[in-house]
Amino acid sequence: MSQAGLSEAGLAPAGMGRGGWSRAQRRLHWWVALLVPLTLALGFLMVELPLRPLAPKFLAYQAHKSFGLVVFGLVAWRLVLRWRRGRPVADAGLPRWQVRAAGMVHAVLYGLLLMVPVLGYLSAASAPGQVPTMIFLLVPVPHVVGPDAARFALLRLVHLWLAVGLVALALGHALMALRHHAQGRPVLRAMWRGDA
Ligand code: HEM
Ligand code: HEM
Numbered sequence: 709m710s711q712a713g714l715s716e717a718g719l720a721p722a723g724m725g726r727g728g729w730s731r732a733q734r735r736l737h738w739w740v741a742l743l744v745p746l747t748l749a750l751g752f753l754m755v756e757l758p759l760r761p762l763a764p765k766f767l768a769y770q771a772h773k774s775f776g777l778v779v780f781g782l783v784a785w786r787l788v789l790r791w792r793r794g795r796p797v798a799d800a801g802l803p804r805w806q807v808r809a810a811g812m813v814h815a816v817l818y819g820l821l822l823m824v825p826v827l828g829y830l831s832a833a834s835a836p837g838q839v840p841t842m843i844f845l846l847v848p849v850p851h852v853v854g855p856d857a858a859r860f861a862l863l864r865l866v867h868l869w870l871a872v873g874l875v876a877l878a879l880g881h882a883l884m885a886l887r888h889h890a891q892g893r894p895v896l897r898a899m900w901r902g903d904a
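Under our numbering, read the sequence shown as residues 709 to 904, first letter to last.
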């Protein structure tokens, strides 16, 4: 049995590979896959909304920031599970370079999934017009850095482009998964139903 998939991008602990994705790993994958495009769409919508009436714009900002922070939490949880439980062994029929390429894409996706919300949070905290960050209007999140127009302009731009990069890469990743599925490989079934 190939060990290539086990140490993909150095993310999985050696010796793992029993069974398929756990139920929690699968649920977290699909929740994140749903929330990321939703947060992206809310991001574009909230900046376009007019300032008056204020309520829809304010609520769109809070929804964007809340879903973005939830993504961060879910991804952190996913990484803990990934570290503790690892991932299924890669399909032995796949060329080694493809297993490596997929591993690199997954590692970059994880990196972006963490970086984009952090940069979003820092943008919110740096914004000259301070709007409080309240998770689902209930939990206030303190802004650890103060307003700074120049920092905000830079962070906002990097946040935007990394968010676009994340979704573009995730789209390519999804298309590859569908391609493998069309070729009869079990990769998508394993992430959907948990078949080993
Ligand atoms: C924003 C959207 C998405 C993100 C951020 C994302 C992210 C990821 C990441 C990071 C992994 C690696 C899991 C690990 O090794 O721990 C993964 C695996 C996987 N994803 Fe996604 N994904 C997204 C959407 C999708 C969609 C739409 C599909 C299907 C059409 C899909 C199918 C899969 C499959 C089949 C795997 C398992 C790959 C393997 O076993 O090597 N993903 N995804
Ligand atoms: C997966 C997570 C996230 C994605 C995909 C995402 C995406 C986006 C997008 C597409 C924009 C629009 C940029 C523009 O058109 O100028 C944006 C702006 C912004 N986002 Fe996020 N974001 C995420 C998480 C967060 C989080 C967690 C926060 C804060 C806690 C946040 C705060 C902001 C702020 C402050 C702006 C700038 C709004 C403005 O220019 O007034 N984002 N984000």
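Ideal placement from N, C-alpha and C gives every residue a C-beta, glycine not left out. In this text, all values refer to a predicted model and were calculated from it rather than measured experimentally.
Beta-carbon proximity check, residue 902 vs residue 774, cutoff 9 Å: no
Proximity below 9 Å, CB of residue 780 to CB of residue 847: no
The segment 797–807 contacting the segment 849–864, beta-carbon criterion three pairs below 8 Å: no
Residue closest to residue 877, alpha-carbon to alpha-carbon, out of 814, 860 and 728: 814
Simplified DSSP assignment, three categories, for residue 848: strand
Exercise answer, beta-carbon shell around ligand 2 heavy atoms below 6 Å: 744, 747, 748, 751, 752, 755, 772, 773, 776, 777, 779, 824, 825, 828, 829, 831, 832, 835, 841, 864, 867, 868 and 871
Where the alpha helix (DSSP H) containing residue 811 begins and where it ends: 804–834
Burial state of residue 824 (16 or more Cβ within 10 Å): buried
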